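K.L.:
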Amino acid sequence: CSGADNNGFNSASTNLTVDVLSGASVSVGNGLGAIGLSSGNTITNDGSIADGALGSGILANANNMIINNGSIIAGANGFSIQTIGTGNTVINNGTLDGILSLAGANNSITNWGLITITNAGTPVGASHVVGGDYIQMSWATLASRVNTASADTLSVSGTATLNGTLRITVQPGLYGNST
Numbered sequence: 712c713s714g715a716d717n718n719g720f721n722s723a724s725t726n727l728t729v730d731v732l733s734g735a736s737v738s739v740g741n742g743l744g745a746i747g748l749s750s751g752n753t754i755t756n757d758g759s760i761a762d763g764a765l766g767s768g769i770l771a772n773a774n775n776m777i778i779n780n781g782s783i784i785a786g787a788n789g790f791s792i793q794t795i796g797t798g799n800t801v802i803n804n805g806t807l808d809g810i811l812s813l814a815g816a817n818n819s820i821t822n823w824g825l826i827t828i829t830n831a832g833t834p835v836g837a838s839h840v841v842g843g844d845y846i847q848m849s850w851a852t853l854a855s856r857v858n859t860a861s862a863d864t865l866s867v868s869g870t871a872t873l874n875g876t877l878r879i880t881v882q883p884g885l886y887g888n889s890t
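Numbered by our numbering, the letters in the sequence shown go through residues 712 to 890 in order.
1) When you compare only the Cα positions, how much space is there between Ser733 and Asn779?
2) Within the chosen definition, does the segment 749-757 reach the segment 770-790 through at least 3 CB pairs nearer than 8 Å?
3) Quick check on the burial criterion: 16 or more other C-beta atoms within 10 angstroms. Buried or exposed for Leu877?
4) Classify Tyr845 as buried or exposed, calling it buried when 16 or more other Cβ atoms lie within 10 Å of its own Cβ.
5) With three or more beta-carbon pairs closer than 8 Å as the criterion, would you say the segment 861-879 touches the segment 838-852?
6) Provide the residue span of the beta strand (DSSP E) that contains Asn799, from first to last.
7) Applying the 10 Å Cβ sphere with the 16-neighbour rule, what's the burial state of Asn888?
8) With Asp757 as the anchor, note down where its beta strand (DSSP E) starts and where it stops.
9) Any idea if Ile769 is buried or exposed, counting beta-carbon neighbours within 10 angstroms, 16 or more meaning buried?
10) What does DSSP give as the partner residues of Leu873 in its beta bridges?
11) Going by other Cβ atoms of all chains shown within 10 Å of its Cβ, with 16 needed for buried, is Ile741 buried or exposed?
12) Quick one: is the Cβ of Val739 within less than 7 Å of any heavy atom of the ligand ADP?
13) Spatial neighbours of Gly766 within its chain, please: CB distance less than 8 Å, with the 5 preceding and 5 following residues excluded, ordered by chain position.
14) Tell me the rounded alpha-carbon separation between Gln882 and Ser722.
15) DSSP on Gly884, reduced to helix/strand/coil?
16) Taking the CB atoms as reference points, tell me whether Thr859 and Gly884 lie closer together than 8 Å.
17) Could you spell out the range, first to last residue, of the beta strand (DSSP E) harbouring Ala814?
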């Protein structure tokens, strides 16, 4: 990915192809988007994308194709991928680590990899939102953290096709006996 700096790579252009190559990385600080694009673009990540607290690994408007073969890691309360428009398609073959928000109609994700939240600064109870269809393939994993008061959730407005693994990670806490 060329053109990225301490503020990430952001463009209002359409019909772009943005490639983060294997071994390459794009990393930004708190509250920023590592890669931000308007509409009608293709983003392929074969490397590593990281954002700080309250940021977005990829922030996209509408009708984008996002292919993740690497890792997208969000800081505390941050988003691995965040869309604010409609018609976005996400194919995850790697790791999405952070809140996933595909808000807007007709967005979809096909998960062949791992969707998780590992940053301890993101409270348990985070909600992954898909404004369209969620398809999880047989070897994919959706991870959810659970504590005594809450659990991470997945909210899908279209069709949810659930195969593969649901990995529950019990967080530290005091749990009562049950039968």
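Glycine included, each C-beta is placed from N, C-alpha and C at the ideal position.
Given the structure is predicted, the values throughout are model-derived calculations rather than measurements.
P.N.:
Result, derived from the coordinates:
1) 11 Å
2) Yes, the segment 749-757 is in contact with the segment 770-790.
3) exposed
4) buried
5) yes
6) First-last for Asn799: undefined, no H or E at that position.
7) exposed
8) No residue range can be given for Asp757, since it is assigned to no beta strand (DSSP E) and is classified by DSSP as neither H nor E.
9) buried
10) Paired residue(s): Gln847.
11) Before going on, a small fix: residue 741 reads as Asn here, not Ile. Exposed is the call here.
12) For the structure depicted, the ligand ADP is absent and the ligand set is empty, with no information on it obtainable.
13) Val739, Gly740, Asn741, Gly742, Leu743, Gly744, Ala745, Ala785, Gly786, Gly789, Phe790
14) 39 Å
15) coil
16) The answer is yes: Cβ separation under 8 Å.
17) 810-822
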